[in-house]
Amino acid sequence: MRSAVFHRIDPVLPIIVGILQVFLSIGAQYGQLRNPDLGRVPLTWWGFGLLLVGPIAIALRRRAPVAVLVVTLTATSVYMLSDFAYGPVFLSPIIVICNAVVSGHRRAAWLSAGAFFLFVVAYATWLIPHRASLFHHTAVAAYLLLTLTVAEFYRMRRERLAERQRMAREAARRQASEERLTMAQELHDVLAHNISLIHVQASTALHILDDHPEQARTALATIKQASKDVLTEMRGVLSLLREGAPRSPTAGMANLADLIERSGLPVDLEVTGQERPLPAGIDRAGYRIVQESLTNVSRHAPGSRVTVRVAYAPEELTVVIEDDGAGTARAEAGLGGGNGIPGMRERAAALGGSLAAGPRPGGGFRVEARLPLPPSADQKEPK
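Counting from 1, position 193 in the sequence shown corresponds to residue 193 in full-length UniProt numbering; the numbering is continuous, with no gaps.
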């Protein structure tokens, strides 16, 4: 949008500058011709042509800033040497010098301005009827330095703004990547747990369908509930992509009882310490670690008895999942090795915590996660 605005201005600025230089020069010569000591001559077609060189060159300032700078300063110098009335003719040099600095051609701008200053000093010292004073030379130098300083200030300001915009875009891209990674983890955990549960229960139902149809009914009911749950959780996760907020609360530690009930495993839940609201990341990570651990038990040792211990300490949340390994040890065909334990470890590490997982000495498997917690309101010391 911004470049479109500049493109609309491009043909307008040269016209404005051309009109100002021509008509203001006509007005300037009216007063300067009355002073014979200045040695001015009336404008001719040659003078009007030189007045228009700068504005025409300005129209090309974005394509060839250095060439435009040289042409404009040369035309201005020839105009002065022709002894026409001057003053407004310096409007074009101001614009092309600023344009050269802003477009990144700083050395060309400073060298050209220095060369133009030396020309003006030589012209005002030897080529006019009355030699100019030191004050005149100082004023010209100040005029050029002010032009260059303003241009440098605008250039630095624009570069800082562009850098801030670039950093903002980078931050937005990083945030989007992190959000996509979080979504991928959420979808992996939701699908891995529920699909594994459905797979195990379907295998169980097929195995006992003929001999124990009433137990097969229970397994099928569990499958129905698991499929409903996975659809509900997927809607909650995917709605973040569409609307920026979930339609239902994200699964957390408060939902552990429901998770355990749906797992199809004999699970004992033990909670110690003072329960309190948890930061969203910790709350979700604790839940997913328990969910992934139960999924692993369902895959590799279905029927094992599981104990889930949750301990709320002042500075950390500890989650321990242990199974006794008494179930049927097997890896379900088609489910693959998965990325369960590395994924759980990454979740914990991302929050500044740790996770340990491995076989128990007496049989079974143990997962222990320690997640740091901020102090609660009543634990903070009064200032």
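In this text, a Cβ means the ideal position worked out from N, Cα and C, and glycines have one as well.
Since this is a predicted model, take the numbers as computed values, not measurements.
Separation of residue j from residue i, as counted between CA atoms
{"i": "V319", "j": "A349", "result": "14 Å"}
{"i": "L355", "j": "Q165", "result": "39 Å"}
{"i": "T272", "j": "L294", "result": "20 Å"}
{"i": "residue 440", "j": "G340", "result": "Only positions 1 to 383 of the chain appear in this structure, which leaves residue 440 out of reach."}
{"i": "A171", "j": "R180", "result": "14 Å"}
{"i": "P374", "j": "P65", "result": "58 Å"}
{"i": "V96", "j": "R284", "result": "60 Å"}
{"i": "P314", "j": "A216", "result": "45 Å"}
{"i": "S112", "j": "R34", "result": "33 Å"}
{"i": "D210", "j": "L220", "result": "14 Å"}
{"i": "V53", "j": "Y123", "result": "21 Å"}
{"i": "G47", "j": "R160", "result": "42 Å"}
{"i": "A108", "j": "L127", "result": "27 Å"}
{"i": "S92", "j": "I58", "result": "8 Å"}
{"i": "Q274", "j": "I321", "result": "19 Å"}
{"i": "R247", "j": "K228", "result": "Since pLDDT at R247 reaches only 45, below the 50 mark, its modelled position is unreliable, and no value is offered."}
{"i": "D83", "j": "G104", "result": "34 Å"}
{"i": "L335", "j": "A369", "result": "Reliability of the predicted coordinates at L335 is poor, the pLDDT of 46 falling under 50, and the value obtained from them is presented with this limitation in mind. Each residue's Cα considered, the two are about 25 Å apart."}
{"i": "A142", "j": "L148", "result": "10 Å"}
{"i": "R155", "j": "C98", "result": "9 Å"}
{"i": "R40", "j": "A168", "result": "57 Å"}
{"i": "R174", "j": "R158", "result": "24 Å"}
{"i": "E153", "j": "L278", "result": "The residue you asked about is not Glu; residue 153 is Phe in the sequence shown. Those two C-alpha atoms are separated by around 49 Å."}
{"i": "L206", "j": "I198", "result": "12 Å"}
{"i": "G337", "j": "P213", "result": "Annotation note: pLDDT 48 at G337 (below 50); position unreliable, coordinate value reported separately. If you take the alpha carbons of G337 and P213, they lie about 32 Å apart."}
{"i": "L191", "j": "R276", "result": "28 Å"}
{"i": "L69", "j": "A162", "result": "25 Å"}
{"i": "G363", "j": "A176", "result": "43 Å"}
{"i": "V102", "j": "L13", "result": "17 Å"}
{"i": "G114", "j": "L146", "result": "13 Å"}
{"i": "L134", "j": "T125", "result": "10 Å"}
{"i": "P11", "j": "L20", "result": "15 Å"}
{"i": "F23", "j": "W110", "result": "30 Å"}
{"i": "E261", "j": "K224", "result": "14 Å"}
{"i": "T232", "j": "R62", "result": "57 Å"}
{"i": "V367", "j": "E178", "result": "26 Å"}
{"i": "L81", "j": "G31", "result": "19 Å"}
Proximity winner among the options, relative to residue i (alpha-carbon distances)
{"i": "H38", "options": "R180, T44, R61 and Y86", "result": "What sits at residue 38 in the sequence shown is Leu, not His. Among R180, T44, R61 and Y86, the Cα nearest to that of L38 is on Y86."}
{"i": "M253", "options": "T232, A311 and L220", "result": "A311"}
{"i": "M183", "options": "R347, P14 and I16", "result": "R347"}
{"i": "L129", "options": "A205, P342, P36 and A151", "result": "In the sequence as presented, Leu is not what sits at residue 129; that position holds Pro. The option with the nearest alpha carbon to P129 is P36."}
{"i": "R309", "options": "M80, H300 and G286", "result": "G286"}
{"i": "I15", "options": "V41, T76 and P55", "result": "P55"}
{"i": "V267", "options": "Q175, G104, H105 and G325", "result": "G325"}
{"i": "T44", "options": "R106, E214, Y79 and G114", "result": "Y79"}
{"i": "F365", "options": "G352, E292 and G353", "result": "E292"}
{"i": "A280", "options": "Q225, L231, L351 and R299", "result": "L351"}
{"i": "S77", "options": "V121, V102 and P359", "result": "V121"}
{"i": "M17", "options": "P42, R62, Q32 and I94", "result": "Here the sequence assigns Val to residue 17, which means Met is not the residue at that position. It is I94 whose Cα lies nearest to the Cα of V17."}
C-beta atoms of residue i and residue j nearer than 9 Å
{"i": "R288", "j": "M234", "result": "no"}
{"i": "G264", "j": "T222", "result": "yes"}
{"i": "V71", "j": "S25", "result": "no"}
{"i": "V290", "j": "L259", "result": "yes"}
{"i": "L73", "j": "A67", "result": "no"}
{"i": "P372", "j": "I282", "result": "yes"}
{"i": "A28", "j": "L50", "result": "no"}
{"i": "A151", "j": "A100", "result": "yes"}
{"i": "P302", "j": "T218", "result": "no"}
{"i": "I208", "j": "V230", "result": "no"}
{"i": "L144", "j": "F119", "result": "no"}
{"i": "A226", "j": "Q201", "result": "yes"}
{"i": "R299", "j": "D323", "result": "no"}
{"i": "A257", "j": "L269", "result": "yes"}
Per DSSP, the bridge partner or partners of residue i
{"i": "V319", "result": "V310 and A369"}
{"i": "F84", "result": "V41"}
{"i": "P359", "result": "F365"}
{"i": "S354", "result": "R370"}
Proximity test, residue i beta-carbon vs the ligand GTP heavy atom, cut-off 8 Å
{"i": "L187", "result": "For the structure depicted, the ligand GTP is absent and the ligand set is empty, with no information on it obtainable."}
9 Å Cβ cutoff, residue i in contact with chain B
{"i": "F23", "result": "Among the chains of the structure shown, chain B does not appear; only one protein chain is present."}
Of all the alpha helix (DSSP H) runs that stay within the bounds of the region 242 to 316, which reach a length of 4 or more residues? 256 to 262 and 280 to 300
Which runs of the alpha helix (DSSP H), 4 residues or longer, sit entirely within the region 53 to 121? 65 to 81 and 91 to 102
Fully enclosed by the region 134 to 221, which alpha helix (DSSP H) runs are 4 residues long or longer? 134 to 208
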